[in-house]
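J.:
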Amino acid sequence: GDSVTQMEGPVTLSEEAFLTINCTYTATGYPSLFWYVQYPGEGLQLLLKATKADDKGSNKGFEATYRKETTSFHLEKGSVQVSDSAVYFCALKETSYDKVIFGPGTSLSVIP
Amino acid sequence: DGGITQSPKYLFRKEGQNVTLSCEQNLNHDAMYWYRQDPGQGLRLIYYSQIVNDFQKGDIAEGYSVSREKKESFPLTVTSAQKNPTAFYLCASSIEAGYEQYFGPGTRLTVT
């Protein structure tokens, strides 16, 4: 079945460091891909999305490019801030059915 | 302000008692979802509803029940049959099933 794999955390970075969180997926069709962020004690918020191959989603300095050839949707940010500390979830939605499948989440901690 | 509300934020119950978690949305979304999140883990789908008066089991429906009598409301009952109910419960909605989901702030349930 469809699945999402993310790099294991926790990830700890210094402020202004470059961030990459890897996400790869398995799907039978052409899914839409999402990154959600969860701040401590809160629900998830949609961070960015891409609906077709080679699309780049971006928001708040974060970017991710839909790479069909490598079935990946890695999240990047050029310079992280302490306020970016959160758990990041990669997710996909297959075109043929309505459920969204979430990855296990990657915890990011940014230290001053 | 449009959004999803969950109440209460923290809930404590004794083992053997049923408890109902509230989820209300004023986004005029057709689809609503309940997820369970355990520490360090991703989201697991409990139930979802694509339209009023209809709902389907998710991946871990045993020990839970839902109703969808109104478009804006999707309460979740955690029954005494749920063997390990202590968790963080997240409600979400989307304009239609499969579109990006908007999450509530969550309810942390502790059963002792």
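Keeping their order, the protein sequence lines are chains A and B. Heads up: take any position in the first sequence, counting from 1, add 1, and you land on the numbering used here. Heads up: take any position in the second sequence, counting from 1, add 299, and you land on the numbering used here. Ideal placement from N, C-alpha and C gives every residue a C-beta, glycine not left out. Computed from a prediction, not measured in an experiment: that's the story for all the values here.
(1) Just to confirm before moving on: does the CB-CB distance between A/T107 and A/Y89 stay below 9 Å?
(2) Should B/Q305 be flagged as near chain A, meaning a C-beta pair shorter than 9 Å?
(3) Check each residue of the segment 393-408 of chain B: if its Cβ is closer than 7 Å to any Cβ of chain A, include it; give the result in chain order.
(4) Return the chain-ordered list of same chain residues with a C-beta closer than 6 Å to the C-beta of B/Q324, the five sequence neighbours on each side being excluded.
(5) Leaving out five residues on either side along the sequence, give the residues of the same chain with a beta carbon under 8 Å from the beta carbon of B/Y363.
(6) Determine, using beta carbons only, whether A/P105 comes closer than 9 Å to chain B.
(7) Please list the terminal residues of the continuous beta strand (DSSP E) segment that includes A/K50.
(8) Using a Cβ-Cβ distance under 9 Å, would B/G362 count as near chain A?
(9) Which residues in the same chain have their Cβ closer than 6 Å to the Cβ of A/G2, if we skip the five residues on either side of it in sequence?
(10) Which residues in chain B sit within 7 Å of A/G44, going by Cβ to Cβ distance?
(11) Kindly list the residues whose CB is nearer than 8 Å to the CB of A/I1, restricted to its own chain and excluding five residues on each side of it in sequence; keep chain order.
(12) From A/S110 to B/A360, what distance separates their C-alpha atoms?
(13) Answer yes or no: the CB of B/A360 versus the heavy atoms of the ligand GDP, is any distance below 8 Å?
(14) Reducing DSSP to helix, strand and coil, say where B/S321 ends up.
(15) Under 7 Å between beta-carbons, which chain B residues line up against A/K50? List them in chain order, please.
(16) Grab me the residues of B/N317's own chain with a C-beta within less than 8 Å of its C-beta, minus the 5 sequence neighbours each way, in chain order.
(17) Write down every uninterrupted run of the beta strand (DSSP E) in the segment 366-399 of chain B whose length is 3 residues or greater and which is fully enclosed by it, in chain order.
(18) Going along the segment 335-350 of chain B in order, which residues come within less than 9 Å of chain A, judged by CB to CB distance?
(19) Can a CB atom of chain A be found closer than 9 Å to the CB of B/A330?
(20) As a quick exercise: from A/P41, A/S73, A/G44, pick the residue whose alpha carbon is nearest that of A/A54.
T.: By the coordinates alone:
(1) Yes, the Cβ-Cβ distance between A/T107 and A/Y89 is below 9 Å.
(2) yes
(3) A396, G397, E399, Q400, F402, G403, P404, G405
(4) Take B/Q324, set aside five residues on each side of it, and the residues of its chain with a beta-carbon closer than 6 Å to its own are I303, E371, S392, in chain order.
(5) W333, I345, Y346, L375, T376, V377, T378, Q381
(6) yes
(7) First-last of the beta strand (DSSP E) with A/K50: 45-51.
(8) With 9 Å as the cut-off, B/G362 does not count as an interface residue toward chain A.
(9) Hits under 6 Å: none found.
(10) Annotation: Cβ neighbours of A/G44 in chain B (cutoff 7 Å, chain order): L389, F402, G403, P404, G405.
(11) Coverage of chain A is limited to positions 2 through 113, which leaves residue 1 of chain A absent and any answer about it impossible.
(12) 33 Å
(13) The ligand GDP is absent from the structure shown, which contains no ligands of any kind.
(14) strand
(15) Residues of chain B passing the Cβ test: E399.
(16) Closer than 8 Å at Cβ, skipping near neighbours: T376, V377, T378, S379.
(17) 375-377, 386-393
(18) Q336, G339, Q340, G341, L342, R343, L344, Y347, Q349
(19) yes
(20) For the options A/P41, A/S73, A/G44, the alpha carbon positioned closest to that of A/A54 is the one of A/S73.
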